[in-house]
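Asker: For the record, the sequence lines run as chains A and B. Here the first sequence is numbered in numbering that gives the first Met the number 0, starting from 0 and rising by one per residue. Here the second sequence is numbered in numbering that gives the first Met the number 0, starting from 0 and rising by one per residue. Note that the Cβ used here is the ideal one computed from N, Cα and C, for glycine as well.
There are 2 protein chains.
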Amino acid sequence: MKNADAPEERCCAPMGDAVLSNDEADFLAYAFAALADPIRLRIFSIIATEGEVCSCNLEGPLGRSQPTISHHTSKLASAGLIIGERRGRWMWWRVNEARVGALASALTLGIHQR
Amino acid sequence: MKNADAPEERCCAPMGDAVLSNDEADFLAYAFAALADPIRLRIFSIIATEGEVCSCNLEGPLGRSQPTISHHTSKLASAGLIIGERRGRWMWWRVNEARVGALASALTLGIHQR
DNA sequence: ACGCTATATTGATAGTTGTCAATATGAAGA
DNA sequence: TCTTCATATTGACAACTATCAATATAGCGT
Numbered sequence: 000m001k002n003a004d005a006p007e008e009r010c011c012a013p014m015g016d017a018v019l020s021n022d023e024a025d026f027l028a029y030a031f032a033a034l035a036d037p038i039r040l041r042i043f044s045i046i047a048t049e050g051e052v053c054s055c056n057l058e059g060p061l062g063r064s065q066p067t068i069s070h071h072t073s074k075l076a077s078a079g080l081i082i083g084e085r086r087g088r089w090m091w092w093r094v095n096e097a098r099v100g101a102l103a104s105a106l107t108l109g110i111h112q113r
Numbered sequence: 000m001k002n003a004d005a006p007e008e009r010c011c012a013p014m015g016d017a018v019l020s021n022d023e024a025d026f027l028a029y030a031f032a033a034l035a036d037p038i039r040l041r042i043f044s045i046i047a048t049e050g051e052v053c054s055c056n057l058e059g060p061l062g063r064s065q066p067t068i069s070h071h072t073s074k075l076a077s078a079g080l081i082i083g084e085r086r087g088r089w090m091w092w093r094v095n096e097a098r099v100g101a102l103a104s105a106l107t108l109g110i111h112q113r
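Spelled out as structure tokens, the structure:
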């Protein structure tokens, strides 16, 4: 099935499909998925405005349990959007400017290319 | 339960939680969720590079069924990232530059504020 | 009106994810 | 070492999502 013969010269050019590789798409999708949750966006926003925030200051304002906050911060971190540093008992988070900037410019430039 | 009394003046400032409203967070999360899928990213990338693409030219290169492509394009469209226009039998898609630009700058500026 | 073709919708299913209670880990102080 | 506190992990469950086959809708040409 599919349409192995569908798009001939029908409406537009055949278009080289070397636009965005599978790996690049997976990589970017993973980062955007980290931003695809309201609670994580608010966490990110708080960290961005405060500069540095420890986890204990996130549970209260966001109204989520401690395990849930931990889950979200680690998801943002594993996507490279924030960076965590343990200082004593506390976990401090800051934004990974470089990574976020790269993501944003990928967006404006149409996703593809670095 | 929760921690109604947890973050006193413990590690950092109490932080006004007027950072990102629930509604704004939902709105932005919805847009990022549209970008949180590899197939949709490749669709977006193709549209961005080609300028205008009709749906029939997406099924082939992406190796997904017609209903699946339709599902993805409508998800991107309902997030405002692409704009569709029916011309005869064909559906033409183009990038919503304004919306994408706004998303990208929200990212670099730390999500919050417009 | 009829058939052909491009796109949309429906229904079903497997996989993923946000959430919390319970529990574990790890760091600091006595 | 024992206790306390901040964070991480586990297990379970409800909600959501990507996918396709089947079917419906809609535009064009004859």
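What are the boundary residues of the alpha helix (DSSP H) that Glu23/B is part of?
Answerer: Taking the second sequence and counting its residues from 1, one reaches residue 23/B at position 24. Here the alpha helix (DSSP H) through Glu23/B covers 21-33.
Asker: Applying the criterion that 16 or more other CB atoms from any shown protein chain within 10 Å of the CB defines a buried residue, is Arg39/A buried or exposed?
Answerer: For the purposes of this step, residue 39/A is taken as residue 40 along the first sequence, with counting starting at 1. Arg39/A is buried by the Cβ-count criterion.
Asker: For Leu86/A, report the span of its beta strand (DSSP E) as first-last.
Answerer: To locate residue 86/A, count along the first sequence from 1; it is residue 87. Strictly speaking, residue 86/A in this sequence is Arg, with Leu absent from that position. Note, Arg86/A: beta strand (DSSP E), 81-86.
Asker: With DSSP as the reference, label Val52/B as helix, strand or coil.
Answerer: Counting from one through the second sequence, the residue named residue 52/B turns up at place 53. Strand at Val52/B.
Asker: Just the Cα atoms here: how many angstroms apart are Val18/B and Cys55/A?
Answerer: Working through the second sequence from its first residue, we reach residue 18/B at position 19. Working through the first sequence from its first residue, we reach residue 55/A at position 56. Going from the Cα of Val18/B to the Cα of Cys55/A covers about 17 Å.
Asker: Give a yes or no on whether the minimum CB-CB distance between Thr72/B and chain A is below 8 Å.
Answerer: If you number the second sequence from 1, residue 72/B lands on position 73. Closer than 8 Å: no.
Asker: Please classify Arg86/B as buried or exposed, where buried requires at least 16 neighbouring CB atoms within 10 angstroms.
Answerer: Residue 86/B sits at position 87 when you count from the first residue of the second sequence. The residue in question, Arg86/B, is exposed, as its Cβ has fewer than 16 Cβ neighbours within 10 Å.
Asker: Looking at Gly79/B: is its Cβ nearer than 8 Å to the Cβ of Trp91/B?
Answerer: Translated into the one-based positions of the second sequence, residue 79/B becomes position 80. Translated into the one-based positions of the second sequence, residue 91/B becomes position 92. For Gly79/B and Trp91/B, no; Cβs fall outside 8 Å.
Asker: Taking the alpha-carbon of Leu34/A as reference, which of Ser44/B, Glu23/B, Arg63/B, Gly62/B has the nearest alpha-carbon?
Answerer: Residue mapping note: residue 34/A aligns to position 35 of the first sequence, counting from 1. It is Glu23/B.
Asker: Ends of the alpha helix (DSSP H) at Val18/A?
Answerer: For the purposes of this step, residue 18/A is taken as the residue at position 19 of the first sequence. No alpha helix (DSSP H) contains Val18/A, which DSSP labels as neither H nor E.
Asker: Taking 8 Å as the limit between beta carbons, can you name the residues of its chain near Glu51/A, skipping five residues before and five after?
Answerer: Position 52 of the first sequence holds residue 51/A. Cβ neighbours of Glu51/A beyond the five flanking positions: Trp91, Trp92, Arg93.
Asker: State the DSSP-derived secondary structure class of Arg98/A, mapped to helix, strand or coil.
Answerer: What you label residue 98/A is simply residue 99 of the first sequence in a count that begins at 1. Note: Arg98/A maps to helix in three-state DSSP.
Asker: Within 8 Å (strictly less), CB to CB, does Gly83/B reach chain A?
Answerer: For the purposes of this step, residue 83/B is identified with residue 84 of the second sequence, where counting begins at 1. With 8 Å as the cut-off, Gly83/B does not count as an interface residue toward chain A.
Asker: Look at the alpha carbon of Asp4/A and the alpha carbon of Arg88/B, and state the distance between them as a whole number of angstroms.
Answerer: Counting from one through the first sequence, the residue named residue 4/A turns up at place 5. Counting from one through the second sequence, the residue named residue 88/B turns up at place 89. Any reading at Asp4/A is ruled out, since the residue's pLDDT is 26, under 50, leaving its predicted position unreliable.
Asker: With 8 Å as the threshold, decide whether the Cβ of Arg98/B is near any Cβ in chain A.
Answerer: Within the second sequence, the letter at position 99 stands for residue 98/B. Answer no: the Cβ-Cβ gap between Arg98/B and chain A never drops below 8 Å.
Asker: Ignore the nearest five residues each way along the sequence and tell me which others in Phe31/B's own chain have a CB closer than 8 Å to its CB.
Answerer: As a first step, residue 31/B must be located in the second sequence, where it is residue number 32. Contacts found: Leu102.
Asker: Roughly how many whole angstroms lie between the Cα atoms of Asn95/B and Gly59/A?
Answerer: Counted from its first residue, the second sequence places residue 95/B at position 96. Counted from its first residue, the first sequence places residue 59/A at position 60. Looking at the two C-alpha atoms, the distance is approximately 37 Å.
Asker: Tell me whether His70/A is buried or exposed, calling it buried when 16 or more other Cβ atoms sit within 10 Å of its Cβ.
Answerer: Taking the first sequence and counting its residues from 1, one reaches residue 70/A at position 71. Exposed: under 16 other Cβ atoms inside 10 Å.
Asker: Put Arg39/A into one of helix, strand or coil per three-state DSSP.
Answerer: In the first sequence, counting from the first residue as 1, residue 39/A sits at position 40. The answer is helix: DSSP assigns Arg39/A an H, G or I state.
Asker: Shortest alpha-carbon distance to Val99/B belongs to which of Val99/A, Ser73/A, Ala97/A, Ala105/A?
Answerer: Position 100 of the second sequence, counted from the first residue, corresponds to residue 99/B. Of the listed residues, the one whose Cα sits closest to Val99/B is Ala105/A.
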